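Protein sequence lines correspond, in order, to chains A and B.
Following numbering that gives the first Met the number 0, the numbering of the first sequence begins with 0 at its first residue and continues without gaps.
Following numbering that gives the first Met the number 0, the numbering of the second sequence begins with 0 at its first residue and continues without gaps.
Glycine included, each C-beta is placed from N, C-alpha and C at the ideal position.
Source: prediction; values computed, not measured.
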Amino acid sequence: MVFLGGQVLPGNVGRAILGPFADQGAVDTLNHTLGVDRPLLTQYWSWISNFVQGDMGTSYIYRSPVAPLVVDALGNSVKLAFVAFVLVIPIGILGGAVAALNLNRPLDRIITLGGLSMTVLPEFVTGIILILIFGVWLRWLPISAAWPHDAGFFRQLYHLILPSMPLFLVLFGYVGRMARSGMIEALDSDYTRTAVLKGLPWRTVIWRHVLRNALLPTITVIATQTGYLIGGLVVIETLFRYQGVGSLIFTAARGKDFPILVSGTLVVGIVYAVATLAADFLYSMLNPRISLGNEQ
Amino acid sequence: MTNSAKAENALELTDLSVAYRVAGRNRAVLRNLSLTIGQGEAYGLVGESGCGKSTVALTVVRYLPRNGSITGGAISLDGQNVMKLDAEALRRARAESVSMVYQDPGKALNPSIRVGRQLTEIFELGGVSGRAATDRAIAMLNRVRISDPVSVMQRYPHQLSGGMQQRVAIAMALANDPSMLILDEPTTGLDATVEAEVLDLIAQLRQELSASILFISHNLAVVSNMCDRVGVLYAGMLVEEGPTEVVFNDPRHPYTVALLRCLPRGGQRKDQGRLDTIPGFLPGIGADIKGCAFADRCALADDRCRSELPPLYDLGGRLSRCFHHDKAQALPRATPSDVAPVPKPAAAPVLRVARLNKTYASHGHALRAVKDVSLDLLPGETLGLVGESGSGKTTFARLLLGLVPPDDGGTIELEGKALAPRLENRSDDQIKAMQIVFQNPDSALNRSHSIRHLIGRALKRLAGLSGKALESRLNDLVRSVRLTDRHLAVKPRQLSGGLKQRVAIARAFAGDPRIVVCDEPTSALDVSVQAAILNLLADLQSKEDVSYIFISHDLAVVRYLSDKIAVLYLGRIMELGPSEDVFSGPHHPYTEALLSAVPKLDQTETARIRLDGEIPSATNPPSGCVFHTRCPRKIGAICEQQEPLLAEARPGHAIRCHIPYAQLAKLQSSTPPLEAMG
Chain A
0 MVFLGGQVLP
10 GNVGRAILGP
20 FADQGAVDTL
30 NHTLGVDRPL
40 LTQYWSWISN
50 FVQGDMGTSY
60 IYRSPVAPLV
70 VDALGNSVKL
80 AFVAFVLVIP
90 IGILGGAVAA
100 LNLNRPLDRI
110 ITLGGLSMTV
120 LPEFVTGIIL
130 ILIFGVWLRW
140 LPISAAWPHD
150 AGFFRQLYHL
160 ILPSMPLFLV
170 LFGYVGRMAR
180 SGMIEALDSD
190 YTRTAVLKGL
200 PWRTVIWRHV
210 LRNALLPTIT
220 VIATQTGYLI
230 GGLVVIETLF
240 RYQGVGSLIF
250 TAARGKDFPI
260 LVSGTLVVGI
270 VYAVATLAAD
280 FLYSMLNPRI
290 SLGNEQ
Chain B
0 MTNSAKAENA
10 LELTDLSVAY
20 RVAGRNRAVL
30 RNLSLTIGQG
40 EAYGLVGESG
50 CGKSTVALTV
60 VRYLPRNGSI
70 TGGAISLDGQ
80 NVMKLDAEAL
90 RRARAESVSM
100 VYQDPGKALN
110 PSIRVGRQLT
120 EIFELGGVSG
130 RAATDRAIAM
140 LNRVRISDPV
150 SVMQRYPHQL
160 SGGMQQRVAI
170 AMALANDPSM
180 LILDEPTTGL
190 DATVEAEVLD
200 LIAQLRQELS
210 ASILFISHNL
220 AVVSNMCDRV
230 GVLYAGMLVE
240 EGPTEVVFND
250 PRHPYTVALL
260 RCLPRGGQRK
270 DQGRLDTIPG
280 FLPGIGADIK
290 GCAFADRCAL
300 ADDRCRSELP
310 PLYDLGGRLS
320 RCFHHDKAQA
330 LPRATPSDVA
340 PVPKPAAAPV
350 LRVARLNKTY
360 ASHGHALRAV
370 KDVSLDLLPG
380 ETLGLVGESG
390 SGKTTFARLL
400 LGLVPPDDGG
410 TIELEGKALA
420 PRLENRSDDQ
430 IKAMQIVFQN
440 PDSALNRSHS
450 IRHLIGRALK
460 RLAGLSGKAL
470 ESRLNDLVRS
480 VRLTDRHLAV
490 KPRQLSGGLK
500 QRVAIARAFA
510 GDPRIVVCDE
520 PTSALDVSVQ
530 AAILNLLADL
540 QSKEDVSYIF
550 ISHDLAVVRY
560 LSDKIAVLYL
570 GRIMELGPSE
580 DVFSGPHHPY
590 TEALLSAVPK
600 LDQTETARIR
610 LDGEIPSATN
620 PPSGCVFHTR
630 CPRKIGAICE
640 QQEPLLAEAR
650 PGHAIRCHIP
660 YAQLAKLQSS
670 TPPLEAMG
């Protein structure tokens with residue numbers, strides 16, 4: 000898809016690289032060297048067969064193999080996404096659960112309304128506000144996510160806290176809302192009534208009977224956010240000067256650097272598919288009603 | 000009833016009032032309800048939905064919905080004032096002395112926890128854990144007659160059948176040896192044979208355990224078989240109470256009288272007269288009731304009834320809240336019983352089905368959902384389809400409607416013309432000639448359209464009408480299903496279940512159908528509404544000469560409406576014949592068992608034929624006669640080896656059984672088979 004999209008876009012690769020004043024002959028020669036003057040299907044075939052062998056081609060702009068660039072960026076993205084997830088999953092679920100347990104009381108309203116308003120605020124707004132507060136004013140956290148080359152794990156983590164905050168704020172609304180509605184449904188269910196009427200202590204009812212059933216839908220939502228967290232963070236990555244997949248693809252798209260654009264997008268797609276698959280596995284493990292194909 | 004005089008009652012409700020807060024106002028649901036249940040007594044609470052039955056149960060265990068509150072009165076459980084208990088004491092009361100079983104066991108059990116764990120946690124509350132708790136759980140499952148408790152313990156609820164799930168739920172309720180057991184519609188929604196099993200189980204357990212029982216049900220027959228005393232609830236008030244037999248045989252409140260008249264009883268049939276109905280509706284919750292709550296719907300009501308609340312008259316061991324309790328049974332009928340039976344001219348069959356088969360592929364096995372079904376249906380005739388869940392009733396209906404294609408070879412003929420197997424290959428005329436009414440009108444009606452739009456669209460699509468013609472046909476149709484103009488503007492959710500079902504019926508009749516498939520059309524409705532719908536179907540039939548294929552698990556209802564019955568088991572017709580012949584017998588042993596499983600209002604004998612186990616899997620049906628594994632009248636090896644033919648025993652009445660007809664007649668005129676006498 001992306002491959003086709005890149006082809007129909009106006010613009011000439013050779014012209015883009017060599018600039019408007021280059022000789023037409025030089026442009027044609029370059030195009031021929033890059034192979035972009037070949038028929039579409041041939042190009043696609045050579046690209047996809049190289050891709051599955053790990054060769055993603057050569058970047059037009061950086062003049063270096065694409066694979067290391069994409070892999071580095073992906074590694075960075077995964078780190079950022081990981082930190083955001085570590086923050087949002089427990090806090091989001093906790094927030095949703097607390098809201099559900101205090102349904103329609105002030106605490107519920109604060110969590111629901113707060114989460115919702117954070118979700119609708121674009122991350123560049125919250126990002127800038129957070130930079131101003133923690134980076135400029137309080138000077139607690141570094142405003143750039145790019146850490147020194149020799150940075151260890153904790154140093155990297157320290158740099159990632161601020162960039163992951165806006166992500167946390169955006170996702171908290173989603174995760175919290177799903178957790179809340181899952182909890183409400185589970186709390187109203189007949190099996191919860193059964194558990195309460197058995198005379199089980201409230202704590203046991205919640206931990207053993209409610210939570211597990213309540214959180215099943217939330218898992219799916221979290222998985223669908225993985226794609227966004229890995230590949231959709233252009234704004235955040237630009238804002239915090241962070242080399243993730245999002246900004247890599249964005250730069251490539253601006254410079255018509257097809258090898259990076261296509262490979263980067265495909266990698267994000269693969270990550271997304273893997274995350275969804277993992278969520279499905281987790282879901283079926285937690286939900287005994289889904290057995291994987293074979294009858295018991 | 001004899002225990003009610005004892006000093007200590009298992010449950011005492013005194014002037015109990017409960018309200019639900021809706022739109023900022025407290026609306027009364029229970030109004031000064033007083034009742035007592037003696038130690039070891041079984042007390043039945045009956046009434047239509049919305050009269051507050053379940054609220055009573057939830058109030059006793061203090062599990063009202065968030066917006067519910069007790070606004071007055073007292074609840075005493077085993078001498079303990081439930082309303083004064085703090086959270087911990089309440090938890091202990093629930094753990095130790097009161098248990099509850101309710102409708103829909105599939106939802107009552109936690110879907111993601113194994114059955115065993117759900118049981119052992121109860122014993123852990125009592126300080127028994129580990130191996131000992133497992134042993135106790137196994138013993139408990141044995142007690143509810145689960146034959147393989149060790150393997151059931153390892154399973155998840157969804158891996159059990161509905162009947163098994165309800166047994167597990169009962170085992171859980173009895174695990175703490177409660178003094179009070181509340182059963183809220185415990186068999187509603189289960190198959191008739193499963194219902195019979197569960198009721199038998201409860202009856203047996205009653206003799207083994209000391210628990211008192213509060214049995215809540217809309218099914219009067221079930222209550223009459225299970226309970227010593229019964230209370231009739233109307234608009235949150237007790238209107239009649241007394242020993243079960245006395246109340247049901249000699250009711251003293253017009254509401255009880257009317258409820259009993261709504262039921263098709265004693266083999267009543269549509270050509271013997273309409274069912275009586277109860278006009279009007281139950282007062283909504285929180286309604287301001289001045290006089291007798293039933294006055295608006297009661298033909299005996301006078302000015303006094305409308306202005307003054309009748310007291311509960313003590314009529315010697317029984318109570319009635321009616322000024323006219325002495326003449327309650329003289330209540331005039333709300334619906335005239337007259338029907339003009341139209342003698343049916345012998346006509347060509349409107350539907351002819353021959354050798355219809357449907358095989359599904361299920362994990363590499365062939366699942367024969369419908370096997371070799373052949374039958375005819377005359378115009379204006381009703382065919383009742385009877386059988387347990389999984390017997391192929393619904394699949395058969397879907398084949399007729401073209402929703403799923405049958406296997407090659409079978410034929411369906413409508414008015415002499417062969418029907419294409421798939422709906423999309425049928426002509427418009429053929430499609431509109433065959434319509435369906437579902438069990439649940441809620442999901443069948445688009446909630447975002449008005450009733451006028453819903454019926455109008457059906458007229459446009461099915462009858463091809465528009466403009467003036469559509470208007471006038473719409474008005475006719477609406478009147479013929481007894482809706483009024485007032486109903487046309489509203490959306491489905493603003494209508495009651497009965498009214499919604501009328502809309503669904505109107506829609507099905509929009510294209511002048513020849514055949515209407517009714518799939519459990521009254522199962523979700525109260526008896527008074529059910530009676531009105533059955534009357535409506537019968538009236539429409541005699542007027543329009545339409546044929547019905549009527550599916551219901553309620554055999555009395557099937558019998559009332561059907562001219563012909565097909566009894567299905569594992570996709571095969573086991574018996575096919577005129578309704579009266581099939582019901583009065585001699586009949587197939589399976590039919591015999593089905594009929595015997597039905598709780599009856601006017602019978603006290605309890606020797607039923609019990610069908611052991613579950614309906615076998617259709618992927619691996621038993622050899623020979625498919626019913627032999629559960630047949631109480633099995634005669635020997637021939638049943639296991641050779642499948643009997645569906646042979647005509649008498650003209651028009653065919654039975655698939657190795658036992659000769661005369662022999663069946665002899666067997667069934669005497670006692671039930673030995674196995675069932677236990």
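Top-ranked residue by Cα proximity to glycine 162 of chain B, from B:Asp544, B:Ile614, B:Val526 and B:Cys624: B:Ile614
Reduced DSSP secondary structure (H/G/I, E/B, other) of aspartate 371 of chain B: In the structure shown, aspartate 371 of chain B sits in a strand (DSSP, three-state: E or B).
CB of arginine 354 of chain B within 8 Å of CB of aspartate 371 of chain B, strictly: yes
Within-8 Å CB hit, alanine 648 of chain B to chain A: no
Beta-carbon proximity list for alanine 509 of chain B, same chain, < 7 Å, skipping 5 on both sides: Ile454, Ala457, Leu458, Leu461, Ala462 and Leu476
The region 69 to 81 of chain B contacting the region 196 to 203 of chain A, beta-carbon criterion three pairs below 8 Å: no
Listed by chain order, chain A residues near leucine 575 of chain B by CB distance under 9 Å: Those do not exist, as leucine 575 of chain B stays about 34 Å from chain A at its closest Cβ, beyond 9 Å.
Best match in B:Arg90, B:Leu593 and B:Gln79 for proximity to glutamate 387 of chain B [C-alpha to C-alpha]: B:Leu593
Boundaries of the beta strand (DSSP E) in which arginine 655 of chain B is found, first to last residue: Run containing arginine 655 of chain B: 652 to 655, per the beta strand (DSSP E) assignment.
Serine 522 of chain B versus serine 551 of chain B - alpha carbon distance: 7 Å
Whole runs of the beta strand (DSSP E) within the region 170 to 238 of chain B, excluding any shorter than 3 residues: 179 to 183, 211 to 215 and 228 to 233
Residue-level contact to chain B via CB, leucine 79 of chain A, 8 Å cutoff: no
Among B:Ile532, B:Leu539 and B:Val581, nearest to proline 650 of chain B - alpha-carbon criterion: If we check each option's Cα against that of proline 650 of chain B, B:Val581 comes out closest.
Check whether valine 174 of chain A and glycine 95 of chain A have beta carbons under 8 Å apart: yes
DSSP three-state assignment for leucine 281 of chain A, whether helix, strand or coil: helix
Three-state secondary structure (DSSP) of proline 200 of chain A: coil
Cβ contact (3+ pairs, closer than 8 Å) linking the region 288 to 297 of chain B and the region 365 to 383 of chain B: no
Integer-rounded CB distance, given that serine 58 of chain A should sit under 8 Å from isoleucine 229 of chain A: Between serine 58 of chain A and isoleucine 229 of chain A the Cβ distance is about 20 Å, and since that is not below 8 Å, they are no contact.
Contacts that arginine 90 of chain B makes with chain A (C-beta to C-beta distance below 9 Å): Val195, Gly198, Leu199, Pro200 and Trp201
Cβ of histidine 364 of chain B within 8 Å of any chain A Cβ: Put simply, the CB of histidine 364 of chain B is far from chain A, with every gap to its CB atoms at 8 Å or more.
Pairwise C-alpha distance: glycine 290 of chain B and histidine 324 of chain B: 15 Å
Proximity test, Cβ basis, 8 Å: lysine 83 of chain B and chain A: no
Per DSSP, cross-strand counterpart(s) of proline 287 of chain A: DSSP, once it has assigned bridges, lists no residue as partnering proline 287 of chain A.
Expected contact under 8 Å - CB spacing of valine 59 of chain B and leucine 219 of chain B to nearest Å: Between leucine 219 of chain B and valine 59 of chain B the Cβ distance is about 22 Å, and since that is not below 8 Å, they are no contact.
Exposure of isoleucine 47 of chain A, with buried meaning 16 or more beta-carbon neighbours within 10 Å: exposed
Inter-residue Cα distance where the pair is alanine 648 of chain B and leucine 494 of chain B: 48 Å
Backbone secondary structure at glycine 391 of chain B - three-state DSSP: coil
Residue span of the alpha helix (DSSP H) that contains arginine 90 of chain B, given as start and end: Counting along the chain, the alpha helix (DSSP H) containing arginine 90 of chain B begins and ends at 86 to 95.
Within-8 Å CB hit, serine 111 of chain B to chain A: yes
Closer than 9 Å at the beta carbon, the chain B residues around tyrosine 61 of chain A: Here the premise fails: no neighbours, minimum Cβ distance about 51 Å.
Strand pairing of glutamine 641 of chain B, partner residues [DSSP]: DSSP output for glutamine 641 of chain B lists no bridge partner at all.
Inter-residue spacing [alpha-carbon to alpha-carbon] between glycine 243 of chain A and threonine 275 of chain A: 21 Å
Through-space distance from phenylalanine 437 of chain B to leucine 666 of chain B, alpha-carbon basis: Distance between the alpha carbons of leucine 666 of chain B and phenylalanine 437 of chain B: 38 Å.
Contact list for the region 88 to 113 of chain A against chain B, Cβ threshold 7 Å: none
Aspartate 279 of chain A at chain B interface by Cβ criterion, 8 Å: no
Contacts around isoleucine 137 of chain B, its chain only, beta-carbon distance under 6 Å, and the 5 residues preceding and following it disregarded: Pro148
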